[in-house]
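Written as structure tokens, this is what we have:
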């Protein structure tokens, strides 16, 4: 069990560019979550997957954001036409099953800076 | 909708002393879980402790314990014998069945040697 990994750890981009982040959950974890965290705040839910199915999307997730989990394993989060307000830490978490009590295991995050 | 409030943006404690972090929440659900997560500077978020709402007994994990007051919707975290490694952001969070976790804004804890 190597834990949740995220790539890249840091991304600096210019406004208007597209960026893509990857998350590899713990092996055999069914659920995968994406959160956004700005400085000094708690994580805000963006979206989550049960296997390959995207079950819920926050209204924070504008049309410029898209997430996929094509084979129920790793997931990608793409932001198109980035804006300065997109600058944040993007956290991924996974959990073993959808039972009420399951614990989410977090990755180290990808810090995005939009210039 | 669920909400989580942490009224203490910053707290400090002397090493080896005890500190209590406050959290209140609001939910219309009857079955839910409550969590405290720790996020050290530039490090990953990890679970400290969790509490099932249907259990009256307060959860404990070594030096960490909670005071769960269901009627008051209060869920405080007590850290005993504070250590330098306890310095971190602490987030209170809640989760209902088949749903996402809702986090509070966090409390920054400093430990003074």
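Chains as they are written, first to last, in my numbering: chain A, 975 to 1089; chain B, 999 to 1111. Cβ coordinates follow ideal geometry from the N, Cα and C atoms, glycine included.
Residue 1067(B) carries a strand assignment under DSSP once its states are collapsed to helix, strand and coil.
Remark: C-beta atoms of residue 1006(A) and residue 1023(A) approach each other more closely than 7 Å. Looking at the DSSP output, residue 1009(B) bridges to 1107(B). The Cβ neighbour count for residue 1057(B), taken over all protein chains shown within 10 Å, is at least 16; the residue is labelled buried. Setting aside the 5 residues that flank it on each side, residue 1046(A) is surrounded in the same chain by 1025, 1026, each with a C-beta closer than 6 Å to its C-beta; the list follows chain order.
Residue contact with chain B for residue 1016(A): present (Cβ-Cβ distance below 7 Å to some residue of chain B). In the structure shown, residue 1058(A) falls within a helical segment according to DSSP collapsed to helix, strand and coil. Taking every protein chain shown into account, the CB of residue 1093(B) has 16 or more other CB atoms within 10 angstroms, so this residue is buried. In the structure shown, the three-state DSSP call for residue 1024(B) is strand.
In the three-state reduction of the DSSP assignment, residue 1035(A) falls in the coil class.
The Cβ atoms of residue 1011(B) and residue 1080(B) sit closer than 7 Å to each other. Nearest to residue 1074(B) by alpha-carbon distance, out of 1027(B), 1019(B), 1008(B), is 1019(B).
Ranked by how close their Cα comes to the Cα of residue 1042(A), the residues 1058(A), 1066(A), 983(A), 1033(A) have 1066(A) in first place.
Residues of chain A whose Cβ lies closer than 8 Å to the Cβ of residue 1036(B) do not exist; the shortest such Cβ separation is about 11 Å. Listed by position along chain B, the residues whose Cβ is nearer than 8 Å to that of residue 1048(A) form an empty set, because the closest Cβ is around 18 Å away. The beta-carbon separation of residue 1063(A) and residue 1011(A), rounded to 4 Å, stays under the 8 Å limit for a contact.
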